[in-house]
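Enquirer:
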Amino acid sequence: MPQPMTTEQATFMLQDLYLGTLKTESRTTKKILEAVPADKPDYRPDAISKSAIELVRHIAAADNRFVESVITGVFDTNPAMIPDNVKTPAEIASWYEQRYAKNFDALTKLTGEQLVKIVDFRGMFQRPAVTFLMMGLHHTVHHRGQLSSYLRCMGAKVPSIYGESYDDAQARKAAQA
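Counting from -19, one number per residue, gives the positions in the sequence shown under this note's numbering.
(1) When DSSP builds the beta bridges, which residues end up paired with Ile98?
(2) Would you decide whether Ala15 is buried or exposed? Buried here means 16 or more other CB atoms lie within 10 Å of its CB.
(3) May I ask you to report which of helix, strand or coil DSSP gives Leu90?
(4) Measure the alpha-carbon distance for Gln(-17) versus Glu93 and round it to whole angstroms.
(5) Compare the beta carbon distance of Leu13 and Ile51 with 8 Å and say whether it is the shorter of the two.
(6) Check whether the Cβ atoms of Val138 and Leu127 sit closer than 8 Å, and answer yes or no.
(7) With 16 other CB atoms within 10 Å as the buried threshold, where does Ala32 fall?
(8) If you draw a straight line from the alpha carbon of Leu(-6) to that of Thr57, how long is it in whole angstroms?
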């Protein structure tokens, strides 16, 4: 049986392993959200897929929700996180960036005791709060990959994610010419 996580381990995970990655990944997430064309929010590759705007809203809300579960010690399942007046991909990306910055700042101030608090995930499992950060990041990366695969089909450019994208390379070459 695994040993309970210590406050020192949780603090190390947050401060020395997770914070830098979370900051970098949130910038990438914002780029993907912003890249969705405002005139194509209903695009979906097939009838059972989420629309582009549904994915944008889901990514922005869920990424913040996982971080907030670490801060508050409770996984909030309220679906109405993004205000109704925030509608376009650009508006959602801006909301996401502002909310994430506030949450990121709050994360940096958490104590080891807060990080090891056991959080219930929808009655399915319970884990130390700090572990919800990587769970949330994996969730975001998964959906961000889905959304980025929609972009070119919608006539949008795919931004760099993990290294230069084709579209960014073409823009760089054009700027050098």
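Where is the CB? At the ideal position from N, CA and C, for every residue including glycine.
Expert: This is what the structure holds:
(1) Pro108
(2) buried
(3) coil
(4) 16 Å
(5) no
(6) no
(7) buried
(8) 23 Å
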